[in-house]
Structures are given as structure tokens and as C-alpha cells.
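See structure below.
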Amino acid sequence: MDKLTLSEAEWRDRLSPEQYHVLREAGTERAFTGKYNSNKADGVYYCAGCGTELFDAEEKYDSGSGWPSFTAPVDIDAVEEIRDASHGMIRTEVRCATCEGHLGHVFPDGPGVNGLRYCMNSAGLAFKPRDEA
Numbered sequence: 007m008d009k010l011t012l013s014e015a016e017w018r019d020r021l022s023p024e025q026y027h028v029l030r031e032a033g034t035e036r037a038f039t040g041k042y043n044s045n046k047a048d049g050v051y052y053c054a055g056c057g058t059e060l061f062d063a064e065e066k067y068d069s070g071s072g073w074p075s076f077t078a079p080v081d082i083d084a085v086e087e088i089r090d091a092s093h094g095m096i097r098t099e100v101r102c103a104t105c106e107g108h109l110g111h112v113f114p115d116g117p118g119v120n121g122l123r124y125c126m127n128s129a130g131l132a133f134k135p136r137d138e139a
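Residue numbers (our numbering): 7 to 139.
Okay, structure coming up:
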């Protein structure tokens with residue numbers, strides 16, 4: 007995948023302040039506040055920073071965590087997983103493979119075949135209904 011590299015000023019022009027905080031500063035939106043947490047529409051989720059296709063609504067489920075959760079990305083190469091030892095714990099951060107934007111974390115407590123829960127921030131995502139995707 008080709009990388010998208012922009013200056014800080016270009017990212018700030020492209021993103022809302024909340025999107026910038028999540029995607030570029032590895033921030034986290036408050037639980038149950040993201041616009042896609044309760045979204046049940048059929049469609050595809052893209053990176054809000056660069057438009058890379060990340061998750062299919064068919065893999066979305068209600069984890070009860072307060073963030074949109076998925077069992078798998080559309081393509082494992084669409085995301086990068088990085089060890090995160092911040093906040094006094096060890097987790098696996100998930101970033102967009104194209105723009106390296108922070109999306110959330112993946113945890114080994116999900117349903118499905120792989121047992122993973124990709125816990126994403128709504129601010130890092132854009133959604134298109136299936137008939138528009």
C-alpha cells in the first residue's frame with residue numbers, strides 16, 4: 007500500500023479537531039459518544055483521514071464497550087498493529103496502513119473465528135452505505 011504523508015498543517019486542514027486528536031495524536035473519544043457506536047446500517051467503514059477501506063458492517067457487532075467494534079478488517083493489510091505500552095498496560099494499537107492514523111485498539115476478547123475485537127474510534131472512521139460504497 008502506498009503511504010499518504012502530509013504535514014501537520016495539511017492534516018489540520020483536512021480533519022476536524024476531534025478527528026485530528028484521534029488520528030494524529032492517538033486520542034480516544036469518550037465511550038458511547040461516537041456517531042458510529044450504535045450504527046446498524048449496512049455498508050463500509052473507511053479511514054476518515056485518507057479514505058482507505060477498513061471495515062465491513064457485516065463484521066460489526068455490539069461489544070457493549072461504547073466504541074464501534076469489529077471482528078476483522080476487510081483486509082489485514084489495511085491496518086497496522088503496534089504494541090502500545092502507554093497508560094500502564096500493554097495493548098495492541100491499530101493504525102491505518104495508508105496514513106498511519108490511530109484508529110483504536112484490538113483485544114483478544116471478541117466473538118467469531120479469530121476471537122478478536124477491533125475497538126475503533128468513530129472519529130477515525132467514515133461510513134458509506136453499501137449502495138454508495
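We put the CB at the ideal spot given by N, CA and C, even for glycine.
Review point. Rounded to whole angstroms, how far is the Cβ of Gly40 from the Cβ of Asn127, which I believe are closer than 8 angstroms?
Key: The residue you call residue 40 lines up with position 34 of the sequence shown. The residue you call residue 127 lines up with position 121 of the sequence shown. Confirmed, Cβ separation roughly 6 angstroms.
Review point. Excluding sequence positions up to five away, which residues of its chain have a Cβ less than 6 angstroms from the Cβ of Phe38?
Key: Stepping through the sequence shown from its first residue, residue 38 is reached at position 32. The answer, listed in chain order, is Gly72.
**Study point:** Distance, Val28 Cα to Thr34 Cα
**Key:** Here residue 34 refers to the residue found at position 28 of the sequence shown. Here residue 28 refers to the residue found at position 22 of the sequence shown. Their Cα atoms are separated by approximately 6 angstroms.
Exercise for review: Using three-state DSSP, classify Leu21 as helix, strand or coil.
Suggested key: Position 15 of the sequence shown holds residue 21. Three-state DSSP puts Leu21 in coil, outside helix and strand.
**Study point:** Opening and closing residue of the beta strand (DSSP E) in which Arg101 lies
**Key:** Your numbering for residue 101 matches position 95 in the sequence shown. First-last of the beta strand (DSSP E) with Arg101: 97-102.
Exercise for review: Give me the Cα-Cα distance between Ile181 and Thr104, rounded to the nearest whole angstrom.
Suggested key: An answer regarding residue 181 cannot be provided, because it is not within the stretch 7 to 139 covered by the chain.
Review point. Quick one: what does DSSP say Glu64 is sitting in, helix, strand or coil?
Key: Taking the first residue of the sequence shown as 1, we reach residue 64 at position 58. DSSP places Glu64 in helix when its eight states are reduced to three.
Check your understanding: According to the neighbour-count rule (16 or more other Cβ atoms, all chains shown, within 10 Å of its Cβ), is His93 buried or exposed?
Key -> As a first step, residue 93 is located in the sequence shown; it is residue number 87 there, counting from the start. Looking at its Cβ environment, which holds fewer than 16 other Cβ atoms inside 10 Å, His93 is exposed.
Check your understanding: Secondary structure at Ala78, three-state DSSP: helix, strand or coil?
Key -> Residue numbering aside, residue 78 sits at position 72 when the sequence shown is read from its first letter. DSSP places Ala78 in coil when its eight states are reduced to three.
Point to revise | Per-residue DSSP class, three states only, for Gly110 | key: Stepping through the sequence shown from its first residue, residue 110 is reached at position 104. In this structure, Gly110 counts as strand in the three-state DSSP scheme.
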